[in-house]
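So the structure is just underneath, and the comments pick up after that.
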Amino acid sequence: MKKPAVLIVTLFACTVALWITLRATHILNFYSVPTTANEPTYMPGDWLIASKLKKVNNNDFVVFNGPDKGVWIFRCIGKENDIVEIRKAVVYLNGKPLNDSFAWNEYYISKKQLLSIAGYINRNKNTVELINDSLAIGNFTTSELKQYHLNLKPRLAADTVNPAIFADFRARGYNEDNLGPVKVPKDSYFLLGDSRHDAFDSRYFGFVKSDDIISTVIR
Numbered sequence: 001m002k003k004p005a006v007l008i009v010t011l012f013a014c015t016v017a018l019w020i021t022l023r024a025t026h027i028l029n030f031y032s033v034p035t036t037a038n039e040p041t042y043m044p045g046d047w048l049i050a051s052k053l054k055k056v057n058n059n060d061f062v063v064f065n066g067p068d069k070g071v072w073i074f075r076c077i078g079k080e081n082d083i084v085e086i087r088k089a090v091v092y093l094n095g096k097p098l099n100d101s102f103a104w105n106e107y108y109i110s111k112k113q114l115l116s117i118a119g120y121i122n123r124n125k126n127t128v129e130l131i132n133d134s135l136a137i138g139n140f141t142t143s144e145l146k147q148y149h150l151n152l153k154p155r156l157a158a159d160t161v162n163p164a165i166f167a168d169f170r171a172r173g174y175n176e177d178n179l180g181p182v183k184v185p186k187d188s189y190f191l192l193g194d195s196r197h198d199a200f201d202s203r204y205f206g207f208v209k210s211d212d213i214i215s216t217v218i219r
């Protein structure tokens with residue numbers, strides 16, 4: 001084998017070995033988003049790059065071992081000793097409303113209003129569910145509401161206990177839109193999906209231990 005060919009084969013083998021090592025140690029991983037739980041930030045099929053070398057900070061997306069032992073991805077809302085609360089679907093961190101204009105929440109919207117913003121809906125891929133001939137429920141961020149010049153009533157969970165809520169939260173009478181205040185325990189995180197009414201997140205399975213964090217999304 002000629003020297004150039006040997007060099008190419010060697011470089012290829014080294015590259016493959018490095019790639020395998022990076023993935024096996026979670027120093028660098030690539031993930032394809034499988035669900036709608038983090039829309040509109042990440043759509044199904046989007047690719048993410050994550051690394052265990054990046055420290056988890058609030059607002060970061062983290063990759064972790066989910067309740068079913070599969071690999072899950074959600075946004076970190078609170079870390080150890082943080083106080084998290086949700087009031088009428090508005091998230092508070094340490095007593096202050098969270099600037100989460102990136103998150104989708106559900107709002108009642110008339111069919112007439114829907115027609116007036118049809119172009120925006122198609123472009124931004126807001127999800128809409130018709131209730132009847134004149135009313136629908138749409139997912140919008142607060143930024144989108146301002147952009148569309150809409151003043152809509154949020155759709156909130158009923159004042160009843162949701163049996164799917166995490167047992168400790170359920171015992172306190174909390175639900176997905178009214179929860180806490182709760183203090184994040186030591187070596188733990190409180191995670192939420194950006195599509196707040198389409199995410200099985202810490203409201204349902206509780207806090208995530210640091211040992212279950214695989215890596216932090218860097219892109």
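Heads up: the sequence shown begins at 1 in UniProt numbering, then just goes up one per residue.
For glycine and all other residues, C-beta sits at the position ideal for the given N, C-alpha and C.
Between residue i and residue j, what straight-line distance do the alpha-carbon atoms span, to the nearest angstrom?
i           : j           : result
residue 29  : residue 57  : 18 Å
residue 71  : residue 215 : 11 Å
residue 204 : residue 212 : 16 Å
residue 23  : residue 51  : Low confidence applies to residue 23: its pLDDT is 45, below 50, so where it sits in the model is not reliable enough to give any reading.
residue 131 : residue 141 : 20 Å
residue 48  : residue 64  : 14 Å
residue 186 : residue 209 : 8 Å
residue 55  : residue 38  : 21 Å
residue 171 : residue 202 : 15 Å
residue 147 : residue 117 : 10 Å
residue 112 : residue 135 : 9 Å
Looking at residue j and residue i, is the spacing between their C-beta atoms short of 8 Å?
i           : j           : result
residue 193 : residue 86  : no
residue 165 : residue 138 : no
residue 206 : residue 168 : yes
residue 106 : residue 126 : no
residue 88  : residue 154 : yes
residue 77  : residue 191 : yes
residue 102 : residue 199 : no
Apart from the five residues on each side of it in sequence, which residues of its chain come closer than 7 Å, Cβ to Cβ, to residue i?
i           : result
residue 183 : 81, 83
residue 100 : 91
residue 53  : 27
residue 161 : 170, 173, 175
residue 195 : 36, 37, 38, 39, 104, 139
residue 177 : 86, 88, 89, 156, 157
Quick one: grab the DSSP three-state call for residue i.
i           : result
residue 87  : strand
residue 45  : coil
residue 172 : coil
residue 167 : helix
residue 21  : Its pLDDT being 41, under 50, residue 21 is placed unreliably in this model, and the value from its coordinates should be taken loosely. Here residue 21 sits in helix by DSSP.
residue 199 : coil
residue 183 : strand
residue 115 : helix
residue 211 : helix
residue 97  : strand
residue 62  : strand
residue 33  : coil
Over what stretch of residues does the beta strand (DSSP E) that includes residue i continue unbroken?
i           : result
residue 129 : 128–130
residue 124 : Premise fails: residue 124 lies in the alpha helix (DSSP H), 118–124, not in any beta strand (DSSP E).
residue 77  : 71–78
residue 105 : 105–110
Could you spell out the range, first to last residue, of the alpha helix (DSSP H) harbouring residue i?
i           : result
residue 144 : 142–148
residue 207 : Here residue 207 belongs to no alpha helix (DSSP H), and DSSP marks it neither H nor E.
Using a Cβ-Cβ cutoff of less than 6 Å, which residues in the same chain neighbour residue i once the five nearest sequence positions on both sides are dropped?
i          : result
residue 31 : 48
Apart from the five residues on each side of it in sequence, which residues of its chain come closer than 8 Å, Cβ to Cβ, to residue i?
i           : result
residue 96  : none
residue 219 : 48, 49
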